[in-house]
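J.: 26 is the number of the first residue of the sequence shown in this note's numbering; add one for each residue after it.
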Amino acid sequence: MRNPIIAALDVPTAEQALKLAGDLAPAVGAFKIGSELFTAAGPDIVKKIRATGASVFLDLKFHDIPNTVAKSVTAAVQLDVQMLTVHTSGGFEMLRAAEQAAGEIARKLGRVPPLVLGVTVLTSLDTPALREIGLDGNVESQVRRLATIATRAGLRGLVCSPQEVAQLRPYIPPAMQLVTPGIRTGAEKADDQKRTLTPQEAMQAGANWLVIGRPIYAAENPRAAAEKILESIS
Ligand code: C5P
26 MRNPIIAALD
36 VPTAEQALKL
46 AGDLAPAVGA
56 FKIGSELFTA
66 AGPDIVKKIR
76 ATGASVFLDL
86 KFHDIPNTVA
96 KSVTAAVQLD
106 VQMLTVHTSG
116 GFEMLRAAEQ
126 AAGEIARKLG
136 RVPPLVLGVT
146 VLTSLDTPAL
156 REIGLDGNVE
166 SQVRRLATIA
176 TRAGLRGLVC
186 SPQEVAQLRP
196 YIPPAMQLVT
206 PGIRTGAEKA
216 DDQKRTLTPQ
226 EAMQAGANWL
236 VIGRPIYAAE
246 NPRAAAEKIL
256 ESIS
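In structure tokens form, the structure reads like this:
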């Protein structure tokens, strides 16, 4: 079985990220580089993590006009990332431009196109928080709506809360890869995540990948924490 754990390298420096990646490499399937690390350390950190042979998920959650997103996706694929994110609330045209740009540049470079993942509703938001920003439906209906648009636009993967995986499956193509942050083992606090499940529950619900940040990197022994999680889902 491939290792479905994506460890979020949510640390502020390249040095810390490389140390964490080195410790965790045998216990996880890929590393996620988010906006904190990328802003602090630049594209070089992507190249350095890739140079270790690990797969990289570049989580910059692009959300802009289609032309700008297409160019950003092109730049990300040139860095040789295996997964990247765009916000599905950017709309159909933006999503289609992202998927097309990923395919085109990957073909030119002779690489496998990365999985362009559509972020549905951030796992830190709940229904009252959606109301506050003017969205009247509940989280589930909003996730379904955005997932349908992403599917129409040709995306092959989505980011959603583990609690939405089972509800979402009937509405999306079977091959759609579901990536779920908001994973908590129960041993730690939920922090700002509002819609969490344990790693086992998320896998049983049909998640393909688990994005895990604080439960691993903030653990006293990150490698042991990752191994324990892997064991719990094997
Ligand atoms: O520390 P924690 O396990 O909550 O980290 C979750 C990671 O997943 C963070 O890097 C966060 O930016 C990311 N993420 C998320 N919710 C989304 C998309 C990405 O929490 N919808």
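Beta carbons are placed, not taken as given, at the ideal position from N, Cα and C, and that holds for glycine.
None of the values given here were measured: they were computed from a predicted structure.
Evaluate contact between the region 173–180 and the region 107–117, counting only Cβ atoms and requiring at least three cross-stretch pairs below 8 Å.
T.: yes
J.: Using a Cβ distance threshold of 8 Å, determine whether the region 95–104 contacts the region 121–133, with at least three qualifying pairs required.
T.: Under the three-pair Cβ rule at 8 Å, the region 95–104 counts as touching the region 121–133.
J.: Quick check: the region 196–208 against the region 180–187, are there 3 or more CB pairs under 8 Å?
T.: yes
J.: Please report the distance separating the alpha-carbon of Lys73 from that of Leu49.
T.: 15 Å
J.: Taking the runs of the alpha helix (DSSP H) that are 4 residues or longer, which of them lie wholly in the region 43–130?
T.: Complete alpha helix (DSSP H) runs here, min 4: 60–66, 69–76, 91–103.
J.: Between the region 191–199 and the region 148–161, are three or more C-beta pairs nearer than 8 Å?
T.: Short answer: they don't touch.
J.: Could you compute how far the alpha carbon of Thr223 sits from the alpha carbon of Lys253?
T.: 12 Å
J.: Among Thr152, Leu142, Gln229, Phe82, which residue has its Cα nearest to the Cα of His88?
T.: If we check each option's Cα against that of His88, Leu142 comes out closest.
J.: Tell me where the beta strand (DSSP E) around Gln218 begins and ends.
T.: That residue, Gln218, is in no beta strand (DSSP E); it is neither H nor E in DSSP.
J.: Compute every distance between the C-beta of Val144 and the non-hydrogen atoms of the ligand C5P, then say whether any falls below 7 Å.
T.: True, at least one ligand heavy atom lies under 7 Å from that Cβ.
J.: Since Ala33 is in the beta strand (DSSP E), which residue starts that stretch and which ends it?
T.: Where Ala33 is concerned, the enclosing beta strand (DSSP E) starts and stops at 30–33.
J.: Identify every residue that forms a DSSP beta bridge with Ile237.
T.: Ala32
J.: Just how far apart, CA to CA, sit Pro240 and Thr210?
T.: 7 Å
J.: Given this structure, state the Cα-to-Cα distance separating Ile208 from Ala232, to the nearest angstrom.
T.: 11 Å
J.: What's the gap between the Cα of Gln18 and the Cα of Ile158?
T.: Nothing can be reported for residue 18: it is not among the residues displayed for the chain, which extend from 26 to 259.
J.: By how many angstroms is the C-alpha of Pro153 removed from the C-alpha of Gly47?
T.: The alpha-carbon of Gly47 is positioned some 40 Å away from that of Pro153.
J.: Can you give, in chain order, each stretch of the beta strand (DSSP E) that sits fully within the region 136–189 and has at least 3 residues?
T.: 140–144, 182–184
J.: Using a 10 Å radius around the Cβ and a threshold of 16 neighbouring Cβ atoms, would you call Leu134 buried or exposed?
T.: exposed
J.: For the ligand C5P, I want to know if Arg239 counts as a neighbour, meaning its beta carbon is within less than 7 Å of at least one of the ligand's heavy atoms.
T.: Checking the Cβ of Arg239 against the ligand C5P gives yes.
J.: Taking all protein chains shown into account, decide if Gly238 is buried (16 or more other Cβ within 10 angstroms of its Cβ) or exposed.
T.: buried
J.: Kindly indicate which three-state DSSP category Ile197 falls into: helix, strand or coil?
T.: coil
J.: Report yes if the CB atom of Pro68 is closer than 8 Å to the CB atom of Leu104, and no otherwise.
T.: yes
J.: Here's a check: name, in chain order, each residue in its chain whose Cβ is nearer than 7 Å to the Cβ of Arg260, leaving out the five neighbours to either side.
T.: Any answer about residue 260 is impossible in this case: the structure gives the chain only from 26 up to 259.
J.: According to the Cβ coordinates, are Val168 and Leu193 closer than 8 Å?
T.: yes
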